[in-house]
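Colleague: Attaching a single structure in structure tokens format; questions to follow.
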Amino acid sequence: MSQAPASTLTVRQVKQLGGEITVPGDKSLSHRAVLFSALADGTTVIDGFLPGEDCVCTMRALQAMGCTIEVESKTRLIVHGTAGKLLAPLEPLDCGNSGTAMRLMAGVLAGQSFTSRLIGDASLSSRPMKRIVDPLRQMGAKIEGKGEKHTAPLEITGGPLTGIEYTLPVASAQLKSCLLLAGLFATGTTSITETTPSRDHTERLLAFFHAPPVIAATPDGKGRTIRVRGGSKLHARDFNVPGDFSSAAFWIAAAAALPGADLTITNLGLNGTRTGLLSVLLRMGAKVEVPGNPSEPSGAFPWDKGYIYESISDSSCEPVGTVRVLGRKLHGTKISGAEIANVIDELPIIAVVGALADGDTEIRDAQELRVKETDRIAAMAKNLRAFGVDVTEHPDGMTIHGGAKLTGARVGSFGDHRIAMSCAILGLFSKGETVIEETGCIATSYPSFEQDLHKIAYFHDPSLASLLGAGR
Ligand code: S3P
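Sequential numbering of the sequence shown, starting at 70, is according to our numbering.
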């Protein structure tokens, strides 16, 4: 899983996309599954773990703090829980490129009785940590970062914490999860309000591991307040990680924008706080089917009904299902407001779809994109232009003027996996050859991206290819 420093990815214009695939395990859930089972008492078997570099960082950090984790295969872990009693690490904990690893772990470490240091790569070391440092300090944690933005390395001296009532200043599941995890180690109740809902995997997993949070809609009905009781214990429970919707998003978007494409993705995580891309594509004129009946329809927030996960009985506590996409000519749309948090990781690929659609696609209220693995607004604007796309950049987003003739380009990844994969998809629609530079970063979330591309992409006429039994 080491990163080849100078790797490139070359793609050509595709003739057609189709077939049936599954994608690797969900990144957000893989981090949380290994973290929660390490904190639980008892033994948890995790199936479908994402062997991407980000999640491996979380796993290694937990091993470095005395948690025994047997790696049965790349995707199957047996975690022997520590019942919340981690040991002081002998070395700094390396979170690599992963904001989720650093922010969630910081919440746990704030409540441990030792000092630890969290480090990361150049990108992670420039990302804002003030958002976690401020509330963790309010809870009583001793935590130091660098400069005004409190960037990594973070030095955390854990100790007694007290629950707080806190309204998130930014819609961030990493921040919410950090504080809920710290709340498990605090005295009293920790009450976190989000005015815009963000992904709810932490809430579901708390319930799954037998420490259900209490959740209520905010008075305006738009947000929710999540409360955890300090001292709640997690209990081991085998967990199946479904396919990552954010990885499938590249194929869903590509198939949706290619007339004649017919692609099915199975065993896919369909948590309604993550599947906003499907609504965006439907607005753009796509044909998307979700056959069968995933236990919760996409877009539904059960919290509105005062739902608490008391009776989670399956092995993943997440809706899982199949998505079928049929390609069409698409048209532009606007993505803004509360929808942004739901599609936060899909905005680079949505920008690509905007380039392929007729008319304008406007992305607003997405200033968070500027503090992801790279500034994704600047990076996508630059790369889209290299393909011949007309883009207007805004402080909080961009407008993509669709319908331009696309020519293959040589573009950089900015060390960001989602920029690299999004541009590879644009290359499938561009005349000639596209080269993406520095694609080692793809391994952070989707190590088998290139292999999966070759499973579903036909670079020659598909009927001829299948007649001759030839490769794609
Ligand atoms: C994640 C939350 C999101 C997302 C990231 C994964 C998580 O980040 O962009 O890829 O697993 O909680 P923010 O919480 O910073 O928006």
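Heads up, the beta-carbon is just placed ideally off N, CA and C, and yes, glycines get one too.
Taking the C-alpha atoms as reference points, what is the distance between Val148 and Ala133?
Modeller: The straight-line gap from Cα to Cα measures roughly 13 Å.
Colleague: Who pairs with Tyr527 in a beta bridge, going by DSSP?
Modeller: Tyr527 is bridged to Gln85.
Colleague: Would DSSP call Leu522 helix, strand or coil?
Modeller: Here Leu522 sits in helix by DSSP.
Colleague: Buried or exposed, going by whether 16 or more other CB atoms sit within 10 Å of the CB of Asp530?
Modeller: Asp530 should be labelled exposed.
Colleague: For Thr137, count the other beta carbons within 10 Å of its own beta carbon; 16 or more makes it buried, fewer makes it exposed. Which is it?
Modeller: When all chains shown are included, Thr137 counts as exposed.
Colleague: According to DSSP, is Ala280 part of a helix, a strand, or is it coil?
Modeller: It is coil, neither helix nor strand.
Colleague: Give the C-beta separation of Leu78 and Ala493 to the nearest angstrom, bearing in mind that I take them to be a contact with Cβ-Cβ under 8 Å.
Modeller: Indeed, because the Cβ distance is near 6 Å, the residues count as touching under 8 Å.
Colleague: Which two residues bound the contiguous beta strand (DSSP E) that contains Met467?
Modeller: First-last of the beta strand (DSSP E) with Met467: 466-470.
Colleague: For Ser260, list the residues DSSP reports as bridge partners.
Modeller: According to DSSP, Ser260 bridges with Glu234, Arg296.
Colleague: Report back the beta-carbon spacing between Gly542 and Thr258 to the nearest angstrom; my notes put them in contact at under 8 Å.
Modeller: An answer regarding residue 542 cannot be provided, because it is not within the stretch 70 to 541 covered by the chain.
Colleague: Near Ser405, what residues of its chain come up, given a Cβ to Cβ distance below 6 Å and the 5 sequence neighbours on each side ignored?
Modeller: Contacts found: Arg433, Asp434.
Colleague: Which residues mark the beginning and the end of the beta strand (DSSP E) in which Thr112 is found?
Modeller: 112-116 is the span of the beta strand (DSSP E), which, as asked, contains Thr112.
Colleague: So within the stretch 443-506, which uninterrupted alpha helix (DSSP H) runs reach at least 4 residues, ignoring any that extend past its ends?
Modeller: Listed in chain order, the complete alpha helix (DSSP H) runs (minimum 4 residues) inside the stretch 443-506 are 445-455, 486-497.
Colleague: Heavy atom of the ligand S3P less than 8 Å from the Cβ of Gly329, yes or no?
Modeller: No, Cβ of Gly329 sits at least 8 Å from all heavy atoms of the ligand S3P.
Colleague: Taking its Cβ as the centre, do 16 or more other Cβ atoms sit within 10 Å of Ala107, making it buried, or is it exposed?
Modeller: Buried, since its Cβ has 16 or more Cβ neighbours within 10 Å.
Colleague: Assuming Glu415 and Ser315 are in contact, meaning their beta carbons sit under 8 Å apart, how far apart are those beta carbons, in whole angstroms?
Modeller: The pair is a contact, with the Cβ atoms about 6 Å apart (cut-off 8 Å).
Colleague: Does Ser194 get closer than 9 Å to chain C when you measure Cβ to Cβ?
Modeller: The displayed structure is made up of one protein chain only, and chain C is not part of it.
Colleague: I need the straight-line Cα distance from His470 to Pro388, nearest angstrom please.
Modeller: Distance between the alpha carbons of His470 and Pro388 is about 35 Å.
Colleague: Going along the chain, which unbroken runs of the beta strand (DSSP E) with 3 or more residues stay wholly within the stretch 298-362?
Modeller: Those beta strand (DSSP E) runs which fall completely within the stretch 298-362 and span 3+ residues are 331-338, 356-358.
Colleague: Who are the Cβ neighbours of Gln436 in its own chain at under 7 Å, not counting the five residues just before and after it?
Modeller: For Gln436, where only same-chain residues beyond five positions count, the Cβ hits under 7 Å are Pro464, Asp465.
Colleague: Write down every uninterrupted run of the beta strand (DSSP E) in the stretch 137-208 whose length is 3 residues or greater and which is fully enclosed by it, in chain order.
Modeller: Complete beta strand (DSSP E) runs here, min 3: 137-142, 145-149, 184-188.
Colleague: For the beta strand (DSSP E) containing Gly390, list its first residue and its last residue.
Modeller: Element bounds for Gly390: 389-395.
Colleague: Whose CA, out of Leu475, Gly209, Pro516, lies closest to the CA of Ala424?
Modeller: The option with the nearest alpha carbon to Ala424 is Leu475.
Colleague: Per DSSP, Ala285 forms a beta bridge with which residues?
Modeller: Partner(s): Thr294.
Colleague: According to the neighbour-count rule (16 or more other Cβ atoms, all chains shown, within 10 Å of its Cβ), is Thr236 buried or exposed?
Modeller: Exposed.
Colleague: Considering Cα atoms alone, identify which of Ala323, Leu193, Ile212, Leu173 is closest to Phe183.
Modeller: Closest option to Phe183, Cα to Cα, is Ile212.
Colleague: Along the alpha helix (DSSP H) that carries Glu122, what are the first and last residues, could you check?
Modeller: Run containing Glu122: 122-133, per the alpha helix (DSSP H) assignment.
Colleague: Would you tell me roughly how many angstroms separate the C-alpha atoms of Gly401 and Cys510, rounded to the nearest one?
Modeller: One C-alpha to the other measures close to 30 Å.
Colleague: Between the alpha carbons of Gly176 and Ser185, how many angstroms are there, rounded?
Modeller: If you take the alpha carbons of Gly176 and Ser185, they lie about 12 Å apart.
Colleague: Rounded to whole angstroms, what is the Cα-Cα separation between Asn309 and Leu187?
Modeller: Their Cα atoms are separated by approximately 28 Å.
Colleague: From which residue to which residue does the beta strand (DSSP E) around Ala221 run?
Modeller: Residues 220-226.
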